[in-house]
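Protein chains in written order, with the working numbering: chain A, 1 to 103; chain B, 1001 to 1170; chain C, 2001 to 2391.
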């Protein structure tokens, strides 16, 4: 197994764990945690491809990962703000109970 | 694939699994931090120093703290009565397993076509922070500006969304 | 002779490592440096605590410790023995694992910051290209330890203290980073070695320290404020305000774990003083060209001990802020000024070498300070105190 394959498999496993978390947990914050984990798995892929790709001096993969980190931070901030807002409104963070369109 | 690689991978995956499986939400957030730190170590292992430190700074320093704050503000640390997993957990698990199976099949199936060192490990690319800065300010200046705009919008948006609703506006 | 004295620790290390086989030398050298750091800074911690207790005592018209040893100089030793022999209490409802990890994590993280600080000529443990980023990444992790300590104790005072501390540290981390970015803009490097080297030049015998420029002075002032808040020191010591929260996030810690928090706090102060010294006060370079023969490490440690004295002085002088004042100060005063300082730094960089840039940069900063400090903050409870009486 080449290093790149190993990193890709690790990233795939991490993505699957994050997906499982996002799909199975009740708490909205833990759903967000799962999504963050999936984003991170993608970052690992980008960095691994940058490192073992034919043109590491082009920096594209690394740049993509850095931008992705910044976007993930923004996503977390807004997502958690929404969770807090929903909790204030509906007094729950259970995604199974958030099934109404009306406030 | 040295010993260090396996230790870091084990740390990352253990943290990720704990973050998904543990009952107490705060424990999940702390386990998530371990997973993030493990990923940062993998970035360092891949000679991406800047990305690794940025990962620690953003995820361990900011996102993890944000998550625990949100948990405490929403009383999320109290274990709910009807279990922590959704009613449809089996379907979710099946989907995740299927996704992993497809991804793993794709990766292993294309292992021959992937670029990578056949035998000898390639020399690590020497990327200085200066090069990253120059690239950010020349070739990637448009994405940089867009990210700046996005972060500003997210900052204002998060504050607006989480702010107390004034009485009578509903 | 003086050159050897300057490099005495480097030479000592090489001599000690030279006894080992060649393949072990690199690892042994690093290990030796780590051991040295782990021994030296707790020693400085002991000296600082003694200095603080004596100095605060003098400021408050009392003697301070004067029973153990001559003039009380053995007081830190007595304190250490006391905390080691005390019973280690863990509350029954506490989360035992997290409760245990928190202080250990804090101490480890705080010591890691020293890895990149240049403590003298050729005296940096790890030469990282992104050293400053490493330092801030490590520094941001201390918040997690504070949170773990406060949350795992299952005590309302601990939790309140932790929430205050984390909110405060997150808020002041932004100005801390922003004021350091100015230095990076001028030096063009994140490497702390290069930042010191850029300041280690002299004109007419006077050093090129960044504090002697308008943006550097403003940056240093804001860095010092933010660093004080980051380390939870007075006047920003709300997280452990004794009169409100018993002891804040480490209320439920006793014995050795309490000592670890205490150590972590002071070693963190020494570390951030070292960073401020490196960024703005020329690191290990001497304050006058004629004093260049004095060993470089002497200047580094003299500068950080001097800033510890300023910490003590501030603690003895300033009253504690209120929570809303603290947040308003961070987000509405310090942060806008640091952002403006970035702009001024860019001006400084591109205006050439003449006297005009001194005038323009100083004028912008002074004007902004006056406008924001005198008018902008007036409405936000940071102006003159208004007294309200029950009637």
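Glycine included, each C-beta is placed from N, C-alpha and C at the ideal position.
- If you ignore the 5 residues before and after residue 2158 of chain C, its C-beta comes within less than 6 angstroms of the C-beta of 2150, 2249, 2251, 2252, all in its own chain and listed in chain order.
- The segment 2304-2316 of chain C and the segment 2188-2204 of chain C do not touch, with fewer than three beta-carbon pairs separated by less than 8 angstroms.
- In this structure, DSSP gives residue 99 of chain A a state outside helix and strand, which the three-state scheme calls coil.
- Residue state for residue 1075 of chain B is assigned as coil, using DSSP reduced to three classes.
- Taking 8 angstroms as the upper bound for CB-CB distance, residue 1054 of chain B and residue 69 of chain A are in contact here, some 6 angstroms apart.
- For the pair of segments examined, the segment 2160-2169 of chain C was found not to touch the segment 2282-2297 of chain C: the number of CB pairs separated by less than 8 angstroms stays below three.
- With a threshold of 8 angstroms between beta carbons, residue 2141 of chain C makes contact with chain B.
- Look at the segment 1096-1116 of chain B: the residues with a C-beta under 8 angstroms from a C-beta of chain A are 1096, 1097, 1099, 1100, 1103, 1104, 1107, 1108, 1111, 1114, 1115, 1116.
- By the neighbour-count definition (other C-beta atoms within 10 Å, threshold 16), residue 2081 of chain C is an exposed residue.
- For residue 1018 of chain B, no Cβ of chain A is located within less than 8 angstroms of the residue's own Cβ.
- Contact between residue 2154 of chain C and residue 2093 of chain C holds: CB atoms are separated by about 5 angstroms, below the 8 angstroms threshold.
- Counting only Cβ-Cβ distances below 9 angstroms, residue 99 of chain A has no contacts in chain B at all, with the closest Cβ about 12 angstroms away.
- Here residue 2143 of chain C is buried. Its C-beta has 16 or more other C-beta atoms within 10 Å.
- Of the other Cβ atoms in all chains shown, fewer than 16 fall within 10 Å of the Cβ of residue 54 of chain A; this residue is therefore exposed.
- Closest in alpha carbon position to residue 2134 of chain C, among C:2152, C:2147, C:2113, is C:2113.
- For residue 1146 of chain B, the closest Cβ of chain C is not nearer than 8 angstroms.
- A straight line joining the alpha-carbon of residue 24 of chain A with that of residue 1012 of chain B spans about 20 angstroms.
- Restricting attention to C:2139, C:2196, C:2209, C:2194, the CA atom closest to the CA of residue 2176 of chain C is found in C:2139.
- By the criterion of a C-beta distance shorter than 7 angstroms, residue 2272 of chain C is surrounded in its chain by 2227, 2230, 2231, once the five residues flanking it on both sides are discounted.
- Our two residues, residue 1020 of chain B and residue 1158 of chain B, have alpha carbons roughly 25 angstroms apart in a direct line.
- Excluding the 5 residues flanking it on each side, residue 1042 of chain B has same chain C-beta neighbours closer than 6 angstroms at 1008, in chain order.
- By a beta-carbon distance limit of 8 angstroms, residue 2183 of chain C does not contact residue 2202 of chain C. Their separation comes to about 19 angstroms.
- Look at the beta carbons and you see the segment 2103-2121 of chain C touching the segment 2280-2292 of chain C: at least three pairs across the two are nearer than 8 angstroms.
- Rounded to the nearest whole angstrom, the CA to CA distance from residue 2101 of chain C to residue 1072 of chain B is 20 angstroms.
- The criterion of a C-beta distance shorter than 8 angstroms is not satisfied by residue 2361 of chain C and residue 2334 of chain C.
- Taking residue 30 of chain A as reference, the option from B:1086, B:1025, B:1034, B:1065 with the minimal CA-CA separation is B:1025.
- With contacts defined by Cβ atoms closer than 8 angstroms, residue 2237 of chain C and residue 2320 of chain C form a contacting pair.
- Interface residue (Cβ-Cβ distance to chain C less than 8 angstroms): residue 1015 of chain B is not classified as such.
- Of the residues C:2269, C:2240, C:2003, C:2349, the one whose Cα lies closest to the Cα of residue 2041 of chain C is C:2269.
- The segment 2188-2250 of chain C is shown to contain whole alpha helix (DSSP H) runs of 4 or more residues at 2192-2199, 2214-2230, 2242-2245, in chain order.
- In the assembly as shown, residue 2199 of chain C is a buried residue. Its beta-carbon has 16 or more other beta-carbons within 10 Å.
- Going by DSSP, residue 2352 of chain C is part of no alpha helix (DSSP H) at all; its letter is neither H nor E.
- Closer than 7 angstroms at the C-beta level to chain B, one finds these residues of the segment 61-80 of chain A: 62, 63, 65, 66, 67, 69, 70, 71, 73, 74, 76, 77, 78, 80.
- Annotation for residue 13 of chain A: the continuous alpha helix (DSSP H) segment containing it runs 3-24.
- By the C-beta density criterion, residue 2002 of chain C is exposed, having fewer than 16 other C-beta atoms within 10 angstroms.
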